[in-house]
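Q:
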Amino acid sequence: MSTGYENAGYRQLFDHEGLTFGAGFPLTGTNRSTPDVTEELRLATHAESVGFDGLWTRDVPTYWPKFGDAGQTFDTWPWLSHVAAHTDDIALGTSSVVLTLRHPLHVAKSAATVDQLSDGRLVLGVASGDRDPEFPAFDVDREDRGQLFRESVEAMRTVWREEFPDLEGQWGRLEGDLDVVPKPTTETIPLLPTGHARQSREWIADHGDGWLFYHLPERTLQNYLVDWRESAGEKPFAIAIRVELADDPTAEPEPLHLGFHAGVEWFQDYFRRLEEYGLDHAIVGIQNDDTEAALSMFADEIIEWL
Numbered sequence: 111m112s113t114g115y116e117n118a119g120y121r122q123l124f125d126h127e128g129l130t131f132g133a134g135f136p137l138t139g140t141n142r143s144t145p146d147v148t149e150e151l152r153l154a155t156h157a158e159s160v161g162f163d164g165l166w167t168r169d170v171p172t173y174w175p176k177f178g179d180a181g182q183t184f185d186t187w188p189w190l191s192h193v194a195a196h197t198d199d200i201a202l203g204t205s206s207v208v209l210t211l212r213h214p215l216h217v218a219k220s221a222a223t224v225d226q227l228s229d230g231r232l233v234l235g236v237a238s239g240d241r242d243p244e245f246p247a248f249d250v251d252r253e254d255r256g257q258l259f260r261e262s263v264e265a266m267r268t269v270w271r272e273e274f275p276d277l278e279g280q281w282g283r284l285e286g287d288l289d290v291v292p293k294p295t296t297e298t299i300p301l302l303p304t305g306h307a308r309q310s311r312e313w314i315a316d317h318g319d320g321w322l323f324y325h326l327p328e329r330t331l332q333n334y335l336v337d338w339r340e341s342a343g344e345k346p347f348a349i350a351i352r353v354e355l356a357d358d359p360t361a362e363p364e365p366l367h368l369g370f371h372a373g374v375e376w377f378q379d380y381f382r383r384l385e386e387y388g389l390d391h392a393i394v395g396i397q398n399d400d401t402e403a404a405l406s407m408f409a410d411e412i413i414e415w416l
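If you use our numbering, the sequence shown corresponds to residues 111 to 416, in order.
1. Can you name the start and end residues of the beta strand (DSSP E) that Arg352 belongs to?
2. Excluding five sequence neighbours on each side, which residues of the same chain lie with their C-beta closer than 6 Å to the C-beta of Thr296?
3. Determine the contact status of Asp225 and Pro294, defining contact as a CB-CB distance below 8 Å.
4. Give me the residue from Phe259, Pro300, Glu344, Leu137 with the minimum Cα distance to Gly239.
5. Beta strand (DSSP E) containing Ile393: first to last residue?
6. Please tell me whether Pro363 and Trp376 are closer than 8 Å, where the distance is taken between their beta carbons.
7. Contact between the region 188 to 204 and the region 264 to 284 is defined here as three or more beta-carbon pairs at a separation below 8 Å; is this criterion met?
8. Using the C-alpha atoms, what's the distance from Thr360 back to Ser112?
9. Return yes when the Cβ of Gly128 is within less than 8 Å of the Cβ of Glu385, no when it is not.
10. By the three-class DSSP mapping on this structure, what secondary structure does His325 have?
11. Determine contact between the region 312 to 324 and the region 343 to 355, defined as no fewer than three beta-carbon pairs at a distance below 8 Å.
12. In terms of DSSP beta bridges, what is Pro180 paired with?
13. Take Trp313 as the anchor and find which of Asp287, Gly286, Gly256 has the nearest alpha-carbon.
14. I need the boundaries of the alpha helix (DSSP H) containing Pro214, first residue and last residue.
15. Below 6 Å CB to CB, which residues in the same chain sit around Phe135 once its five sequence neighbours on both sides are set aside?
16. Quick one: residues in its chain with C-beta nearer than 8 Å to the C-beta of Asp410, no 5 flanking neighbours on either side, listed in chain order?
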């Protein structure tokens, strides 16, 4: 069992009774070109001020128009460092770092750096990758994703916890005369595997500090949560969901890709049900044109209401 529980970001997200909420970058909705940095940071500080507990950034190494977006465009590590410098206590998460396309020693060093610079606010969602053209671009065999993911998790945990370890995998070999610094603020940075990451639920429960999933139909989510509690006990479960708030607070839901367009009254009932099922955290991707107003409304009418 892993032990990332003293990390400040993990506690910000999960040391609460009931459901907490994060906001997902890009907050301006600009996901096919370069977002306005000043506006993204202004909205990030606004999200923190109105009561969101996390800010989540995506790791998209290359832009594939057929897939639909480039995440927040900026690379995960410098972007999170920049966000850390402009916020105070809000957790900083990745949703999610594609471990199969990054060298685990680089990830370990970059993540520990951001963790130190943010006073321990980093929580790592980690993934095996799902954009097919990226694998040949990085000379990675898609069929090796499961093993590469497991080896990366082991390598990162080891170099965070130990000094001058002996370690070997497909990624290379680290011998005892080399170390990876800095170390994180706690024994290990919390890791939340995303989706199935080519692993069994039991492996995720044993090796992860929680489970991060995409939006799921309500009944499916309920069943996943029951199974997760059987495997992982009280380790948290989080989802990402797109939200577009209707002008009419009584509007019934209309499906979006991985989310809903609906009035705040429906969302109140919806998130209350998810909280009762045992969901711990929801990463909200605001789809409204006026993000600032939507963040404020979501905080006032849903976060405070719950």
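The beta carbon of each residue, even a glycine, is placed where N, CA and C say it ideally should be.
A: Concretely, from the data shown:
1. 347 to 355
2. Glu116, Asn117
3. yes
4. Phe259
5. 391 to 396
6. yes
7. no
8. In this predicted model, Ser112 has a pLDDT of only 49, less than 50, meaning its place in the structure is not dependable; the value taken from the coordinates is given anyway. Approximately 44 Å, taken between the alpha carbons.
9. yes
10. coil
11. yes
12. A small fix is needed here, since residue 180 is Ala in this sequence, not Pro. Note: Ala180 sits in no beta bridge, so no partner.
13. Gly256
14. 214 to 227
15. Thr167, Gln182
16. Val160
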